[in-house]
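Quick note on numbering: this note's numbering labels position 28 of the sequence shown as 118, and the sequence is numbered without any gaps. Positions of the beta carbon are idealized from the N, C-alpha and C atoms, including for glycine. Because the structure is a prediction, the values reported are computed rather than measured. Single-structure report; data block below.
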Amino acid sequence: PPPFDQPCAERTRQRLGDAGGLQDFGVNLMTLPPGGWSSQRHWHSHEDELVYVLEGELTLVEDGGETLLKAGDSAAFAKNSGDGHHMINRSSVTARYLEVGSRNPDDVITCSDIDMMSPSSDGRFLHKDGVPYPGQG
């Protein structure tokens, strides 16, 4: 929800797994223009996640610092690690990457730097105390 969606506004997602009828894991082709964020920094309670950079370069931001990812590099994020992650395109060219994750209905996404979480089962955005953001029901 606003204003947290602004850094990610230009990001695009093509759901390749959905197009193929996959049910147990998702595969997304992500496009991130210069200056864009992949998401707010977050971690998953019940989902493993992997990213693989196809084109361009991205700065991976985690609790332990920053790592530059270039085409051919990957990063993996174990479920329930508590180590929030996201990527920022600090280059001057658009980056593309694959995002792969399991689809556990019990998953809860928790943001590291802001007061926000989201149960995957309903997709609503909530404060960490469970109160919904405006317009989230």
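Scanning its chain for C-beta atoms nearer than 8 Å, with the 5 sequence neighbours on each side dropped, one finds around T149 the residues E156, T157, L158, L159, M177, I178, N179 and R180, in chain order. If you check the CB distance, H175 and V151 come in under 8 Å. In the DSSP annotation of this structure, the continuous segment of the alpha helix (DSSP H) that includes G107 starts and ends at L106 to A109.
Of I199, S208 and L106, the smallest CA-CA separation from G172 is found for I199. Secondary structure note for T121: its beta strand (DSSP E) is the uninterrupted segment F115 to L122.
Cα atoms of G126 and M206: separation of roughly 20 Å, rounded to the nearest angstrom. For V141, same chain residues with a beta-carbon under 6 Å away, outside a window of 5 residues either side, are A165, Y187 and E189 in chain order. When DSSP states are grouped into helix, strand and coil, P97 belongs to the helix group.
Rounded to whole angstroms, the gap between the alpha carbons of A99 and G146 is 19 Å.
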